[in-house]
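Asks: Starting off with a structure, shown below.
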Amino acid sequence: MWPKTWRGAAAAEAADLAAEAALCHGNLAWQTMQRNELAKARQHLDAATPWALLARERMVDTSDAIYEVQLLLIRAGLHQKEFDEAASGVALGRALTLALGLREPRLAGSCRESSARWALSRAEPQLASPHIEALARLAAEFGFAMHAASAQQLQAEVHLLAREWDLAAQTAAAAAAAYRAIRATPQMAHCMDVEAEALWRGGRLPQAAQAFRDVASVWRDAGQDANARAARLRAADAVAGLPDEADSALQSVRAELPALALQDALVGAKFGLAARVAAWRVLQRAGDPAAAVQLEMAAAELDRQLESFAAAELRERVRSGIPWHHDVVAAQAAARTQGLA
Numbered sequence: 030m031w032p033k034t035w036r037g038a039a040a041a042e043a044a045d046l047a048a049e050a051a052l053c054h055g056n057l058a059w060q061t062m063q064r065n066e067l068a069k070a071r072q073h074l075d076a077a078t079p080w081a082l083l084a085r086e087r088m089v090d091t092s093d094a095i096y097e098v099q100l101l102l103i104r105a106g107l108h109q110k111e112f113d114e115a116a117s118g119v120a121l122g123r124a125l126t127l128a129l130g131l132r133e134p135r136l137a138g139s140c141r142e143s144s145a146r147w148a149l150s151r152a153e154p155q156l157a158s159p160h161i162e163a164l165a166r167l168a169a170e171f172g173f174a175m176h177a178a179s180a181q182q183l184q185a186e187v188h189l190l191a192r193e194w195d196l197a198a199q200t201a202a203a204a205a206a207a208y209r210a211i212r213a214t215p216q217m218a219h220c221m222d223v224e225a226e227a228l229w230r231g232g233r234l235p236q237a238a239q240a241f242r243d244v245a246s247v248w249r250d251a252g253q254d255a256n257a258r259a260a261r262l263r264a265a266d267a268v269a270g271l272p273d274e275a276d277s278a279l280q281s282v283r284a285e286l287p288a289l290a291l292q293d294a295l296v297g298a299k300f301g302l303a304a305r306v307a308a309w310r311v312l313q314r315a316g317d318p319a320a321a322v323q324l325e326m327a328a329a330e331l332d333r334q335l336e337s338f339a340a341a342e343l344r345e346r347v348r349s350g351i352p353w354h355h356d357v358v359a360a361q362a363a364a365r366t367q368g369l370a
């Protein structure tokens, strides 16, 4: 697919076909970004942008104005991966403004969804909620099934940040069912992750353990190793809290240690940080010296994520307001206390 897309971009440029060139380079930017080839993704975005602007100027087709918005959404995602949340917010704001002016409801919905996710990454659910509500209204008005499920998923994540564990689990389960109905497997699995996380945090350990096992299988079958590994570690942590299950939980975590030796073993997994702390928790309970390494890695990953937030107040809100970030802080405090004991 990639060589064909690359040849298509070159052919479109040679023929001075602005929309086609923007589309081909945009697809290449998306594909390389998904593979975490960020430098290549930026190159394709930079190549696509002038063509997108030219396509809007020429307006050969009524849809030719959408490419600029689509590229801005990709650019916002790239900035997120580069831990530049301010630049991501600027790109999203520009994308939403353009989409609303174009009267493109599906595209506006995508901008609303991305803007809500950006706000949640800043631990600002109050900023996310208006976007979620607007997304749900668009979905209902135009019958957009994917957007309807996305609105449910985002609402579940709002509940998760608010520590409303039962509501988070219920809403995530509903969103997973909606995604399942339209065969959107990756999105379904993300909702299953949210549901499992909410069950665990709500103290429903047997249900959480099974939910983590279920989503680990989905991620494994989809070839998503980091997400599958994170779910297995979270399952082990849930099992460790059950009677007479500490040994099996410990063996499960130890089986993951060769992979966990790499700092990026969980990169890309939504609950990767929670999984690192889960590994630490299981190992620490057993007095395994490998626990310290996992906590060090979790702390380093949290620090790296916090570097993207320029304001000290914002960094502190993200550190303490997102449950799995707070887990790292609490684990570090527990480790220091144990060291002094």
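To get our numbering, take the position in the sequence shown, counting from 1, and add 29. Cβ atoms here follow ideal geometry from the backbone N, Cα and C, with glycine treated the same way.
Assign Trp31 to buried or exposed, taking buried as 16 or more other Cβ atoms, counted over all protein chains shown, within 10 Å of its Cβ.
Replies: Note that Trp31 scores a pLDDT of 45, beneath 50, so its modelled location is shaky; the value from the coordinates is reported in the next line. Trp31 should be labelled exposed.
Asks: For the alpha helix (DSSP H) containing Met326, list its first residue and its last residue.
Replies: Looking at the DSSP string, the run of the alpha helix (DSSP H) that includes Met326 is Ala319 to Leu335.
Asks: Going by DSSP, what residue range makes up the alpha helix (DSSP H) through Ala307?
Replies: Looking at the DSSP string, the run of the alpha helix (DSSP H) that includes Ala307 is Gly301 to Arg314.
Asks: Excluding sequence positions up to five away, which residues of its chain have a Cβ less than 7 Å from the Cβ of Glu364?
Replies: Sequence check: residue 364 is Ala here, not Glu. Leu324, listed in sequence order.
Asks: Less than 8 Å between the beta carbons of Val223 and Ala185, yes or no?
Replies: Result yes, Cβ atoms of Val223 and Ala185 sit closer than 8 Å.
Asks: Mapping DSSP to helix, strand and coil, what is Gln253?
Replies: In the structure shown, Gln253 sits in coil (DSSP, three-state: anything other than H, G, I, E or B).
Asks: How close, in whole Å, do the beta carbons of Val282 and Ala308 come, if the pair is a contact with beta carbons under 8 Å?
Replies: Right, their Cβ atoms sit about 5 Å apart.
Asks: Got a sec? Which residues, its chain only, sit under 6 Å from Met217 by beta carbon, not counting five neighbours each side?
Replies: Excluding residues within five positions, the ones whose Cβ falls inside 6 Å are Ala205, Tyr208 and Arg209.
Asks: Rounding to the nearest angstrom, what Cα-Cα distance links Leu291 and Asp90 in this structure?
Replies: Distance between the alpha carbons of Leu291 and Asp90: 49 Å.
Asks: Decide yes or no for the touch test of the segment 170-183 against the segment 122-133: beta carbon pairs closer than 8 Å, at least 3 of them.
Replies: Touching, no.
Asks: Can you check which of these residues, Ala202, Leu57, Ala51 and Leu312, is closest to Leu83 by C-alpha distance?
Replies: The residue with the shortest Cα to Cα distance from Leu83 is Ala51.
Asks: Starting from the Cα of Pro235, find the closest Cα among Leu57, Ala265 and Ala245 and give me that residue.
Replies: Pro235 has its Cα closest to that of Ala265, out of Leu57, Ala265 and Ala245.
Asks: Thinking just about the alpha-carbon of each residue, which of Cys220, Leu100 and Cys140 is nearest to the one in Arg71?
Replies: Of the listed residues, the one whose Cα sits closest to Arg71 is Leu100.
Asks: Assuming the contact rule is C-beta atoms closer than 8 Å, Ala152 and Arg346 should be a hit. Round their C-beta distance to whole Å, please.
Replies: Yes, they are in contact, since the Cβ atoms of Ala152 and Arg346 sit about 5 Å apart, within 8 Å.
Asks: Assuming Pro134 is part of the alpha helix (DSSP H), what are its boundary residues?
Replies: It spans Pro134 to Ser150 - the alpha helix (DSSP H) in which Pro134 sits, taken as one unbroken run.
Asks: What residue range is occupied by the uninterrupted alpha helix (DSSP H) comprising Met175?
Replies: Per DSSP, Met175 belongs to the alpha helix (DSSP H) from Ala174 to Leu190.
Asks: Would you check whether the ligand MN has a heavy atom nearer than 7 Å to the C-beta of Gln199?
Replies: No copy of the ligand MN appears in this structure; indeed no ligand is present at all.
Asks: Leaving out five residues on either side along the sequence, give the residues of the same chain with a beta carbon under 6 Å from the beta carbon of Ala116.
Replies: Correct list, in chain order: His108.
Asks: May I have the straight-line CA-CA distance separating Arg85 from Arg233, to the nearest angstrom?
Replies: Distance between the alpha carbons of Arg85 and Arg233: 53 Å.
Asks: Which same chain residues end up closer than 6 Å to Ala320 when comparing Cβ atoms and leaving out the 5 residues on each side of it in sequence?
Replies: These residues qualify, in order along the chain: Trp309, Leu312 and Gln313.
Asks: Roughly how many angstroms separate the alpha carbons of Gln181 and Leu102, rounded to a whole number?
Replies: Distance between the alpha carbons of Gln181 and Leu102: 21 Å.
Asks: How many angstroms separate the CA atom of Arg230 from the CA atom of Ser92?
Replies: Their Cα atoms are separated by approximately 45 Å.
Asks: Specify, as a first and last residue, the run of the alpha helix (DSSP H) that Gln109 falls within.
Replies: Gln109 -> alpha helix (DSSP H) spans Ile95 to Lys110.
Asks: Roughly how many angstroms lie between the CA atoms of Ala340 and Ser349, to the nearest whole one?
Replies: Taking the straight line from one Cα to the other gives about 14 Å.
Asks: Specify, as a first and last residue, the run of the alpha helix (DSSP H) that Ala76 falls within.
Replies: Leu67 to Arg87 is the span of the alpha helix (DSSP H), which, as asked, contains Ala76.
Asks: Looking at the structure shown, is Glu285 part of a helix, part of a strand, or coil, going by DSSP?
Replies: In the structure shown, Glu285 sits in a helix (DSSP, three-state: H, G or I).
Asks: For Ala370, count neighbouring C-beta atoms within 10 Å of its own C-beta (all shown protein chains included) and say buried if the count is 16 or more, exposed if not.
Replies: Its pLDDT being 38, under 50, Ala370 is placed unreliably by the model, and nothing is read from it.
Asks: For Met88, count neighbouring Cβ atoms within 10 angstroms of its own Cβ and tell me buried if that reaches 16, exposed if not.
Replies: Exposed, by the Cβ-count rule.
Asks: Could you check whether Arg258 and Leu295 sit closer than 8 Å to each other, using their CB atoms as the reference points?
Replies: Yes, the Cβ-Cβ distance between Leu295 and Arg258 is below 8 Å.
Asks: To the nearest angstrom, how far is the alpha carbon of Ala43 from that of Glu49?
Replies: One C-alpha to the other measures close to 11 Å.
Asks: Less than 8 Å between the CB atoms is what I'm expecting for Ala327 and Arg305, so what's the real figure, rounded?
Replies: Yes, they are in contact, since the Cβ atoms of Ala327 and Arg305 sit about 4 Å apart, within 8 Å.
Asks: Using a Cβ-Cβ cutoff of less than 7 Å, which residues in the same chain neighbour Ala41 once the five nearest sequence positions on both sides are dropped?
Replies: Around Ala41: Glu49, Ala50 and Cys53.
Asks: Quick one: what's got a C-beta closer than 6 Å to Lys33's C-beta in the same chain, skipping five residues either side?
Replies: In this prediction, Lys33 scores a pLDDT of 48, lower than 50, which makes its location untrustworthy; no coordinate-derived value is stated.
Asks: Determine whether the beta carbon atoms of Ala165 and Ala157 lie at a separation below 8 Å.
Replies: No. Outside cutoff.
Asks: Rank Ala288, Ala202, Asp273 and Gly106 by C-alpha distance to the C-alpha of Arg64 and give the top, closest one.
Replies: Measuring from the Cα of Arg64, the nearest candidate turns out to be Gly106.
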